[in-house]
Amino acid sequence: AQRVTQPEKLLSVFKGAPVELKCNYSYSGSPELFWYVQYSRQRLQLLLRHISRESIKGFTADLNKGETSFHLKKPFAQEEDSAMYYCALRVSGKLTFGTGTRLTIIP
Amino acid sequence: GAVVSQHPSWVICKSGTSVKIECRSLDFQATTMFWYRQFPKQSLMLMATSNEGSKATYEQGVEKDKFLINHASLTLSTLTVTSAHPEDSSFYICSAGLDSEREQYFGPGTRLTVT
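Okay, here's the thing in structure tokens:
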């Protein structure tokens, strides 16, 4: 069965510093990976997906099949980046979520 | 963007009673809706996949007779927690998409407390 691991429950970063949220997955097939974000008192929303290879709000994520990772990165953290971030793997239309990382940006 | 609503946003019910949660896609037709459950400080766990006009597909370990799902129209899916018990207290979240392979849009969630 597929699995998504986010090793950090909490991550605090100073404003302007680089951010990296780790995500590892286990799946024997070709993975379809996503990052979702949940801001305070808001619903879960899609941040980015590996297949589009785009940068959203300054965030990027590269799929590394060799390391089975899909880490989320941003070179310069902003205060509005404080949120809960979930990595997710989709197989046959179904999403499997990691446990999430709460990112706090320190002013 | 696509909007998914849930009703109610929170509900308290007594043990043994049933409670129904609605999930609506407001500005698009959702062939597929998903129901998740989230315990405090834990991740979302998929409970079932709901396809319009057909029976829901439940994930392993989810009791289909306890969590009744109905997806009678392209804009509405309901989850009924039957004979609720305190251990059913949780945050229930739905998502909807044009189909299972398209982007899923999430509802705001429903907090259920069973006393």
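In order, the protein sequence lines correspond to chains A and B.
All residue numbers for the first sequence refer to my numbering, where the first residue is 2 and numbers rise by one.
All residue numbers for the second sequence refer to my numbering, where the first residue is 19 and numbers rise by one.
Cβ coordinates follow ideal geometry from the N, Cα and C atoms, glycine included.
Report the start-end ranges of each beta strand (DSSP E) in the segment 33-97 of chain B that is 3 residues or longer and not cut off at the edges.
Counting whole runs of 3 or more residues, the segment 33-97 of chain B contains the beta strand (DSSP E) stretches 37-43, 50-56, 62-69 and 85-91.
Step through the CB atoms of chain A and report whether any lies within less than 8 Å of the CB of G71 of chain B.
Interface flag for G71 of chain B against chain A is unset, since no Cβ pair is found closer than 8 Å.
Given this structure, state the Cα-to-Cα distance separating E105 of chain B from D117 of chain B, to the nearest angstrom.
Whole-angstrom Cα-Cα distance: 32 Å.
Cβ-based neighbour list, S27 of chain A, same chain, cut-off 7 Å, excluding 5 preceding and 5 following
If we look at S27 of chain A and ignore the five residues flanking it on each side, its Cβ neighbours are Q3, R4 and T69.
Count the other CB atoms, across all protein chains shown, that sit within 10 Å of the CB of Y86 of chain A; report buried if there are 16 or more and exposed otherwise.
By the neighbour-count criterion, in which a residue is buried when 16 or more other Cβ atoms sit within 10 angstroms of its Cβ, Y86 of chain A is buried.
My assumption, with CB atoms under 8 Å, is that L64 of chain B sits in contact with L45 of chain A. Please give the rounded CB distance.
Contact flag wrong, Cβ pair sits at about 13 Å.
Compute the Euclidean distance between the alpha carbons of V22 of chain B and T100 of chain B, then round it to the nearest angstrom.
Cα to Cα, the separation comes out at about 24 Å.
What residue from B:F52, B:V80, B:T96 and B:E81 has the CA that sits closest to E121 of chain B's CA?
The option with the nearest alpha carbon to E121 of chain B is B:F52.
Under 8 Å between beta-carbons, which chain B residues line up against R4 of chain A? List them in chain order, please.
Residues of chain B passing the Cβ test: none, with the nearest at roughly 11 Å.
What is the C-beta distance between L130 of chain B and S107 of chain B, in whole angstroms, given that I count them as a contact (C-beta under 8 Å)?
Confirmed, about 6 Å.
May I ask which residues mark the beginning and end of the beta strand (DSSP E) holding K23 of chain A?
First-last for K23 of chain A: undefined, no H or E at that position.
Out of B:V132, B:T133 and B:S91, which one is the CA nearest neighbour of E40 of chain B?
For E40 of chain B, the nearest C-alpha among the options comes from B:S91.
What does the alpha-carbon distance come out to for the pair T67 of chain B and E119 of chain B?
Distance between the alpha carbons of T67 of chain B and E119 of chain B: 12 Å.
Consider the Cβ of F60 of chain A: report whether some Cβ of chain B lies at a distance smaller than 8 Å.
So, not an interface residue.
Measuring straight from C-alpha to C-alpha, what distance separates S27 of chain B and G67 of chain A?
Each residue's Cα considered, the two are about 42 Å apart.
Would you check whether the ligand ADP has a heavy atom nearer than 7 Å to the C-beta of T100 of chain B?
Among the components modelled here there is no ligand, and therefore nothing to report on the ligand ADP.
Name, please, each residue of chain A whose Cβ falls closer than 9 Å to the Cβ of E40 of chain B.
Those do not exist, as E40 of chain B stays about 15 Å from chain A at its closest Cβ, beyond 9 Å.
CB contact below 8 Å: Q60 of chain B versus chain A
Yes, contact with chain A.
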